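Number of protein chains: 2
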Amino acid sequence: MAHNPITVELIRTLEAIEQHGSFAAAAEHLHKVPSALTYTLQKAEKDLEIELFDRSGHRAEWTEAASHILQEGRRILTALENLGHSAQRLAEGWTAQYSVALDHLLDFQHLVPMLSLARQEIPWVPIHVKQGALSGTWELLLDHQADLVIAPAHARPDRDDIRTQPLGKIRMVLALSRHHPLAEADRPLTEEELAPYPVVTISDTARQIPALSAGLQWRRQRFLVPDMATKITAQKEGLGVGLLPMHRIQQEVLAGDLVIKSLASDQREPDITIVAGWRQGDSDKTHDWIMEHLDLLAVN
Amino acid sequence: MAHNPITVELIRTLEAIEQHGSFAAAAEHLHKVPSALTYTLQKAEKDLEIELFDRSGHRAEWTEAASHILQEGRRILTALENLGHSAQRLAEGWTAQYSVALDHLLDFQHLVPMLSLARQEIPWVPIHVKQGALSGTWELLLDHQADLVIAPAHARPDRDDIRTQPLGKIRMVLALSRHHPLAEADRPLTEEELAPYPVVTISDTARQIPALSAGLQWRRQRFLVPDMATKITAQKEGLGVGLLPMHRIQQEVLAGDLVIKSLASDQREPDITIVAGWRQGDSDKTHDWIMEHLDLLAVN
DNA sequence: TCCCGTTGTTCAATCAATTTGAAATCATCT
DNA sequence: AGATGATTTCAAATTGATTGAACAACGGGA
């Protein structure tokens, strides 16, 4: 009972037999003598209490069980190999994984260039992607749940162990459903005009940091949604109004489902600065690599 | 280079060390002498060219790399163990996997009782679930892409190597969106009245067998959707009309989003018989087990 | 402070599992 | 029929894992 009957040697042996067609050829490939294979196989058959080959004919025939062991065993072999490599990378100073938190204002698309380069150049570090909203995104960084955040600068916590670097700006626009009563109005809208309609807001995912709410924050009825995709849909369906990132609603605007309006009362710069942020002090090869390729995250 | 530096022995050793806190205690647990552990570890360290333990203090401290090897290695160990078991089951006459194809008229829900019992009683056979529509579902059976189908009897291919057993009936009803012009009509609807509206149809997934289309097949504009969930949504949104399985639209009917109508011209029995079907001749323990528990699939 | 018990390592000796090689069997090809 | 090649059997050899005794380093308690 103590020992597992399936050994790495067995899987290797099966692999060689399949690749070379006969026990003899496989043995040669493994730099062994044929009888050594016989030994390995018979031992496994005895331990497993199953037949691996059907010896009734002269040439041994694979049993279903043996094929299965080979097929699944191959995965295990490569897992074992990968484990060796990743352990070596770890010892060289790479992290076991790296987490990037992306604010809901951006979408996964923005990470693609970096992720695909990482996959090529540093395939041994798995990169995890998380999403957060408003101060919640930054909280992931402080909590060590993320190693890098990509989020709007204005929500950045004011701590000196957090470093940031600007990545670009995105434009937030007031967008209404084509069916919205104000959709036809051909002029900047006032706060009073909008007051009757609920504001669609992404819930802040923060648990510790005081929650923020972005733009249009006059106290009014709010419609909370979990993410940007839902927010866009909600506004498209006319369930409320709110600011949306221009780059994520191109489609809808072109199709006419969403109509962009300006705000009469809005003094603020309509562009939001997006920054990358990380904890000062973390330093390992993974982080260094990311820092060297931050330009891939440039927004717009 | 030939050999993988990470051995099963190493993982087992690390596991014991973690569990028992010290090399000495781990050695005892493994029925070895402490120096044997030293040997295993030092050999691995030499092969991997990394440190597994930090010996600068007196009590050896885990390296990040060693923790990683243990953590990932555990999975590999259990995979190896499972592989042993599944190979034995295979040899005993169980299949390596079993595929059930479910017609889009039914939903995954119908399989839950059987799947959960299977998970308990025969956890070593992974059961795959596929979905198909109309004759496509049966085609999966003929193609050996599925070992069991659950589908409407009327689409059953007429071959004597296919066996079936009735599981029950489901009721198909004509359902319209609440916003549909005919939603108010308080009487059976005629073919002529419905003619102007597109029929929402699930595309037949069949590639070989001549395609079928279910119900309401007067030649009219059709709106093809990929699955039942989409069909229900499409009809709810008023994009078209069509027959829907009663049991899958309870919610929508209660909420008033869908309105049920009867068809004036429809002579047919409104209930569809659902059967389980399998290839005659396949016989193995998995199939026998499934046959013994067909009652769990009873519809309605 | 001085033991004593504990931890982990080193090294030569031992042990056992794996590997070998020679011989035997069977099937297929010429 | 003879030659070739595949596979197994068995005793002998080899290698790698395991042991045990001896040692060094630490830590806690008296």
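So the sequences go chain by chain: A and B. For the first sequence, the working numbering gives the first residue as 13, with consecutive numbering after it. For the second sequence, the working numbering gives the first residue as 13, with consecutive numbering after it. In this text, a Cβ means the ideal position worked out from N, Cα and C, and glycines have one as well. Nothing here was measured: the structure is a model prediction, and the numbers come from that model.
Check whether residue i and residue j have beta carbons under 8 Å apart
i: B/Ile9; j: B/Leu118; result: Because chain B spans 13 through 312 in this model, residue 9 of chain B falls outside it and cannot be assessed.
i: B/Ala103; j: A/Ile62; result: yes
i: B/Leu188; j: B/Val271; result: yes
i: B/Ala77; j: B/Phe35; result: no
i: B/Leu49; j: B/Thr25; result: yes
i: A/Ala115; j: A/Pro164; result: One point to set straight first is that residue 115 of chain A is Asp, not Ala, in the sequence displayed. Contact flag set, yes.
i: B/Thr217; j: B/Gly148; result: yes
i: B/Leu251; j: B/Val211; result: no
i: B/Gln132; j: B/Leu306; result: no
i: B/Thr75; j: B/Phe65; result: yes
i: A/Ile214; j: A/Lys181; result: no
i: A/Pro169; j: A/Ser274; result: no
i: B/Ser111; j: B/Asp159; result: yes
i: B/His122; j: B/Val311; result: yes
i: B/Trp106; j: B/Trp136; result: yes
i: B/Ala91; j: A/Ile81; result: no
i: A/Asp59; j: A/Pro17; result: yes
i: A/Leu95; j: A/Leu179; result: no
i: A/Arg291; j: A/Leu146; result: no
i: A/Met184; j: A/Leu256; result: yes
i: B/Leu194; j: B/Glu204; result: no
i: A/Ala28; j: A/His41; result: yes
Beta-bridge pairing of residue i - partner residues as DSSP gives them
i: B/Pro164; result: B/Ile286
i: B/Val187; result: The residue you asked about is not Val; residue 187 of chain B is Ala in the sequence shown. BP columns for B/Ala187 point to B/Gly254, B/Ile272.
i: B/Gly144; result: B/Asp115
i: B/Gly180; result: B/Ile286
i: A/Val311; result: A/Gly180
i: B/Arg175; result: B/Trp290
Secondary structure of residue i, DSSP reduced to three states
i: B/Phe170; result: Reading off the sequence shown, one finds Asp at residue 170 of chain B, where the question assumed Phe. Correct three-state label for B/Asp170: coil.
i: B/Arg231; result: The predicted model places B/Arg231 with a pLDDT of 48, which falls under 50 and marks its position as unreliable; any figure quoted below should be read in that light. Here B/Arg231 sits in coil by DSSP.
i: A/Thr217; result: coil
i: A/Leu49; result: helix
i: A/Arg199; result: coil
i: A/Ile261; result: coil
i: A/Val20; result: helix
i: B/Val124; result: helix
i: B/Leu154; result: helix
i: B/Met240; result: helix
i: A/Ile139; result: strand
i: B/Trp301; result: helix
i: B/Ser295; result: coil
Closer than 8 Å at the beta carbon, the chain A residues around residue i
i: B/Gly369; result: Here chain B has residues from 13 to 312 only, and residue 369 of chain B is not among them.
i: B/Ser111; result: Correct list: empty, because the minimum Cβ distance to chain A is about 16 Å.
i: B/Asn16; result: Val20, Leu89, Leu92, Glu93, Gly96
Contact test: residue i Cβ vs the ligand HEM heavy atom, cutoff 7 Å
i: B/Ile302; result: The ligand HEM is absent from the structure shown, which contains no ligand whatsoever.
Within chain A, the residues that residue i reaches when beta carbons sit closer than 7 Å
i: B/Gly85; result: Leu95
Proximal residues of chain A, C-beta to C-beta of residue i below 9 Å
i: B/Ile62; result: Ala99, Gln100, Leu102, Ala103, Glu104
i: B/Ile272; result: The premise fails here: B/Ile272 is roughly 26 Å from chain A at the closest Cβ pair, so nothing lies under 9 Å.
i: B/His80; result: Leu95, Ser98, Ala99, Leu102, Ala108
Chain-ordered chain B contacts of residue i [CB-CB under 8 Å]
i: A/Ala77; result: Ala99, Gln100, Leu102, Ala103
Would you list, in sequence order, the uninterrupted alpha helix (DSSP H) runs of no fewer than 4 residues that lie entirely inside the stretch 56-117 of chain A?
List check, alpha helix (DSSP H) in window: 76-103.
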